[in-house]
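Protein chains in written order, with my numbering: chain A, 1 to 422; chain B, 1001 to 1425.
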């Protein structure tokens, strides 16, 4: 087993190991904690709807299949994984996002028994045509629930207008129509491709012993045929489909999501770029910025206002969301402030205060075993190490951040609005 | 796990919750006041106004920049409902001095900042400034309105309103829009004075060590206030069963409907002796091993979510679910059938053991979360002893199946609230 030890100035350390099956394992011991948090994940999410294995022909699968598979993996021939965890007292869950599917548990007792269950049920799929069909009802209801959710719709409406072809524009759970095409064969096909240990990771944080976790992963996860997975994406134009979209739903105040599509030349963003854009967003309209204060005092935003750098394989955009009587005025003000910063530079004092605040936020993250575990999953998907963030942040300069203003181009912006239904 | 209680003055106490695993210190001021329809909105607005500015930091940009320089110290505010009381919280969380880049002394500074915000607000001539008031009132009104957009929250809120029409617990935790609109700079100032003088105050500190002088300086501030008629926090009433089930249905433009049911327990309270009620509601509809999850959701596919929660201090049990319109009646019947099964003692060993294990496990997890731990000690109001999550876990382990059945037998349906999709035009 190949292994590396990483240490941070805060006193934490972790081991990253690669098992003979190709599985990557991260373990951080937190002996003062009562609990342990574990994730078994695969780099497979809703955007992986077309792929080839090795040099084979591309396979296109129905939208929402990664999420469907997540639901089905909880079942086995003799009961579901929930009932196995129920016997140990652990609290278990799973989620599917654009680029990953994660199965997780949190417990204070019998951690190795729980880990054994986790490693077992994720590697033992069991479904028949009948059990697959049964799930359509539950997932169909889940999809409908999201259709009624204004905060979900406002984001996806924006992404649908921002992207022509990239599957990030499609709802993670798919549609009632697309999931109707899912069958056991297709599920096995996706499973056998993406649930290969070389494409997977295990993260364990908390009151655990590293050696025990590593030897369990080595013993329980058998190697599969070494494969190379190629994601297939249609060409994505640099432009956006439309600059504006609106829908009416049951909301009291209009909701908005303003996105700026970024021109990208490579599939993934570098960590330094991500940190610089995150700082830049704070400088433009974070709580210390002049713009935030103005928008708040003018009654244009409230505490729901937020922003993020949304990025993953072959997609990247900045997003500003919130509730406002006048989403267009907020949009204009954000664009104006970006222009202003472009012309006059970044306020150095503001930059250093924000950088200091972000450093504190990174320290704070180490309070929670869950948060650390989720960050391991993030670093597994993107391929950097957990403590790199602090190192990179410390070295970032005001100039580095200024250069990232290139992520904002007015003609690549999309404003999505949810207006109140009559 | 050691907890030290320091009685500060009349109706005020400090609780030091020692915990060495975190990289932060959390200090929370909890103010408890009786829920009162006339005053609820002004009280609820206070934590938000107080944590956006002060005499020293008259605008929130300056305040936020200061927080950022304190390594992103987090200031938070909330107004909650706890039994028949309103709980106003204001807190600051700051990273330990040893984690700063240049060994800066943040903790003392952060705590005095929070104190200044609460005790030295930005007021003039006995009034809060018009500008701050206007902004925070608008935000409060928008927040109340946005609850309407979240149908899950809205349905739950409507259920509680229907169940407690004439009692304090039915009051919305931040008041209604009309109440917020009526607040003036002067009335808010009066509310602030009343809060300081009459609220029961509990200051919780979750940290490796108790910051020096914290409780002494607090005592000095409180003793100058002439506190009198301080709120007694032990008087929450249980819920009386309904003579006849109250049924309310509303229709809206939606794809999915919501079904919310409210039940009463025979007893209520906040002590260690309510463990049976918690286990009962958990087996009914708590975790994925519960009757509602395994049968109504998984086997019958009647709802995407279907969960029971208990508010033991009020003797209240609620069930919330998301349903298709055509399944509304079927789901209600299925939920009631599971309750009948519980009453008649149909509890498998697996259901019972899973529930005990999951509940005790989740109580141990409290010690790993700063906010959960603080919240635990802020919520222990109706019982004279400040028992720990671990002690409550011990009580749960002592619960027997027959205790659960007995608790279930006392459960009565009170109100059914349904939010259903309108007919297609």
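Ideal placement from N, C-alpha and C gives every residue a C-beta, glycine not left out.
For residue j and residue i, the rounded distance between their alpha carbons
i                       : j                       : result
residue 1178 of chain B : residue 1145 of chain B : 12 Å
residue 1334 of chain B : residue 226 of chain A  : 49 Å
residue 1079 of chain B : residue 1378 of chain B : 13 Å
residue 1237 of chain B : residue 5 of chain A    : 56 Å
residue 290 of chain A  : residue 1061 of chain B : 7 Å
residue 1268 of chain B : residue 1274 of chain B : 7 Å
residue 135 of chain A  : residue 1280 of chain B : 29 Å
residue 1139 of chain B : residue 417 of chain A  : 19 Å
residue 398 of chain A  : residue 1250 of chain B : 55 Å
residue 412 of chain A  : residue 312 of chain A  : 18 Å
residue 1016 of chain B : residue 341 of chain A  : 46 Å
residue 1425 of chain B : residue 1293 of chain B : Only weak support exists for where residue 1425 of chain B lies, its pLDDT of 46 falling under 50; the value from the coordinates is given anyway. Spanning the two alpha carbons is a distance of roughly 34 Å.
residue 1264 of chain B : residue 1340 of chain B : 15 Å
residue 1158 of chain B : residue 1035 of chain B : 18 Å
residue 1136 of chain B : residue 1124 of chain B : 17 Å
residue 1400 of chain B : residue 1164 of chain B : 32 Å
residue 44 of chain A   : residue 1057 of chain B : 48 Å
residue 279 of chain A  : residue 256 of chain A  : 22 Å
residue 1112 of chain B : residue 349 of chain A  : 24 Å
residue 127 of chain A  : residue 103 of chain A  : 18 Å
Secondary structure of residue i, DSSP reduced to three states
i                       : result
residue 1127 of chain B : strand
residue 444 of chain A  : No statement about residue 444 of chain A is possible, as the shown extent of chain A runs from 1 to 422 and does not include it.
residue 1106 of chain B : coil
residue 1283 of chain B : helix
residue 1425 of chain B : Low local confidence applies: a pLDDT of 46 at residue 1425 of chain B is under 50, so the model's placement there is unreliable, and no value is given.
residue 357 of chain A  : helix
residue 259 of chain A  : strand
residue 1302 of chain B : coil
residue 230 of chain A  : strand
residue 6 of chain A    : strand
residue 302 of chain A  : coil
residue 76 of chain A   : strand
residue 1228 of chain B : coil
residue 107 of chain A  : strand
residue 1178 of chain B : helix
residue 1022 of chain B : coil
Any non-hydrogen atom of the ligand ZN closer than 7 Å to residue i Cβ
i                       : result
residue 1385 of chain B : The ligand ZN is absent from the structure shown, which contains no ligand whatsoever.
For residue j and residue i, believed in contact at Cβ under 8 Å, the rounded distance
i                       : j                       : result
residue 1094 of chain B : residue 1070 of chain B : 6 Å
residue 172 of chain A  : residue 96 of chain A   : 6 Å
residue 1296 of chain B : residue 1331 of chain B : 7 Å
residue 1227 of chain B : residue 1010 of chain B : 5 Å
Chain E within 8 Å of residue i, Cβ atoms only
i                      : result
residue 357 of chain A : Looking at the structure shown, chain E is missing, and the protein chains on hand are A and B.
Stretch pair the segment 389 to 409 of chain A + the segment 355 to 363 of chain A: three plus CB contacts closer than 8 Å: As far as the Cβ criterion goes, the segment 389 to 409 of chain A touches the segment 355 to 363 of chain A, which means the pair count is three or higher.
Residues in the segment 1192 to 1226 of chain B having any Cβ partner in chain A nearer than 8 Å: Nothing from the segment 1192 to 1226 of chain B brings a Cβ to less than 8 Å from some Cβ of chain A.
Contact list for the segment 64 to 87 of chain A against chain B, Cβ threshold 7 Å: Listed in sequence order: 82, 83, 86, 87.
Where the segment 360 to 377 of chain A meets chain B: residues whose CB sits under 8 Å from a CB there: Answer in chain order: 360, 361, 363, 364, 366, 367, 368, 369.
Under 7 Å (Cβ pairs) to chain B, residues found in the segment 246 to 261 of chain A: Here the close residues are 250, 251, 252, 253.
At least three beta-carbon pairs within less than 8 Å, the segment 153 to 165 of chain A to the segment 41 to 58 of chain A: In this structure the segment 153 to 165 of chain A does not touch the segment 41 to 58 of chain A; the number of beta carbon pairs closer than 8 Å is below three.
At least three beta-carbon pairs within less than 8 Å, the segment 1251 to 1262 of chain B to the segment 1319 to 1334 of chain B: Segments in contact, yes.
At least 3 beta-carbon pairs within less than 8 Å: the segment 61 to 75 of chain A vs the segment 187 to 202 of chain A: Because the criterion of three Cβ pairs below 8 Å is met, the segment 61 to 75 of chain A and the segment 187 to 202 of chain A touch.
Contact list for the segment 92 to 117 of chain A against chain B, Cβ threshold 7 Å: Interface annotation for the segment 92 to 117 of chain A against chain B: 106, 107, 108, 109, criterion Cβ-Cβ distance under 7 Å.
Given 8 Å, three or more beta-carbon pairs between the segment 1203 to 1220 of chain B and the segment 1345 to 1357 of chain B: No, the segment 1203 to 1220 of chain B does not touch the segment 1345 to 1357 of chain B.
Inter-stretch contact (C-beta, 8 Å, three-pair minimum) for the segment 33 to 43 of chain A and the segment 202 to 215 of chain A: Taking 8 Å as the limit for Cβ pairs, the verdict is that the segment 202 to 215 of chain A does touch the segment 33 to 43 of chain A.
Three CB pairs or more closer than 8 Å across the segment 1011 to 1031 of chain B and the segment 1370 to 1377 of chain B: Because the criterion of three Cβ pairs below 8 Å is met, the segment 1011 to 1031 of chain B and the segment 1370 to 1377 of chain B touch.
Inter-stretch contact (C-beta, 8 Å, three-pair minimum) for the segment 1356 to 1368 of chain B and the segment 1388 to 1395 of chain B: At 8 Å Cβ cutoff, the stretches touch.
The segment 88 to 96 of chain A in contact with the segment 113 to 132 of chain A per 3-pair CB rule at 8 Å: Enough Cβ pairs lie closer than 8 Å, so yes.
The segment 256 to 276 of chain A / the segment 115 to 129 of chain A touching (three or more Cβ pairs under 8 Å): Contact between the segment 256 to 276 of chain A and the segment 115 to 129 of chain A is not established, with fewer than three Cβ pairs separated by less than 8 Å.
Under 9 Å (Cβ pairs) to chain A, residues found in the segment 1261 to 1294 of chain B: Cβ contacts with chain A come from 1287, 1288, 1289, 1293, 1294.
Proximal residues, the segment 1047 to 1077 of chain B versus chain A, C-beta separation under 8 Å: Listed by position, the residues of the segment 1047 to 1077 of chain B near chain A (Cβ gap below 8 Å) are 1059, 1060, 1061, 1064, 1065, 1067, 1068, 1069, 1070, 1071, 1072, 1073, 1074.
Short-range partners of chain B found in the segment 139 to 169 of chain A, where Cβ spacing is below 7 Å: Listed by position along the chain: 141, 142, 144, 145, 147, 148, 150.
Inter-stretch contact (C-beta, 8 Å, three-pair minimum) for the segment 14 to 30 of chain A and the segment 208 to 224 of chain A: The segment 14 to 30 of chain A, when compared against the segment 208 to 224 of chain A, does touch it at the 8 Å Cβ threshold.
Cβ-based contacts, 8 Å cut-off: residues of the segment 292 to 315 of chain A near chain B: If the cut-off is 8 Å between Cβ atoms, the segment 292 to 315 of chain A has 292, 293, 296, 297, 299, 302, 303, 304 near chain B.
contact_flag[the segment 237 to 257 of chain A, the segment 79 to 88 of chain A] where n(CB pairs < 8 Å) is 3 or more: Fewer than three beta-carbon pairs drawn from the segment 237 to 257 of chain A and the segment 79 to 88 of chain A are found closer than 8 Å, and the two stretches are therefore not classed as touching.
Inter-stretch contact at 8 Å, needing at least 3 Cβ pairs: the segment 1204 to 1219 of chain B / the segment 1006 to 1015 of chain B: Yes, the segment 1204 to 1219 of chain B touches the segment 1006 to 1015 of chain B.
The segment 1075 to 1092 of chain B touching the segment 1036 to 1055 of chain B, judged by at least three CB pairs closer than 8 Å: Yes, the segment 1075 to 1092 of chain B touches the segment 1036 to 1055 of chain B.
Chain-ordered residues of the segment 1012 to 1035 of chain B with a beta carbon less than 7 Å from chain A: Of all residues in the segment 1012 to 1035 of chain B, the ones placed with a Cβ closer than 7 Å to any Cβ belonging to chain A are 1020, 1021, 1022, 1023, 1024, in chain order.
Residues, ordered as in the chain, of the segment 221 to 232 of chain A that lie near chain B by beta-carbon distance below 9 Å: If the cut-off is 9 Å between Cβ atoms, the segment 221 to 232 of chain A has nothing near chain B.
Three-pair Cβ contact test at 8 Å for the segment 1167 to 1183 of chain B versus the segment 1037 to 1044 of chain B: At 8 Å Cβ cutoff, the stretches touch.
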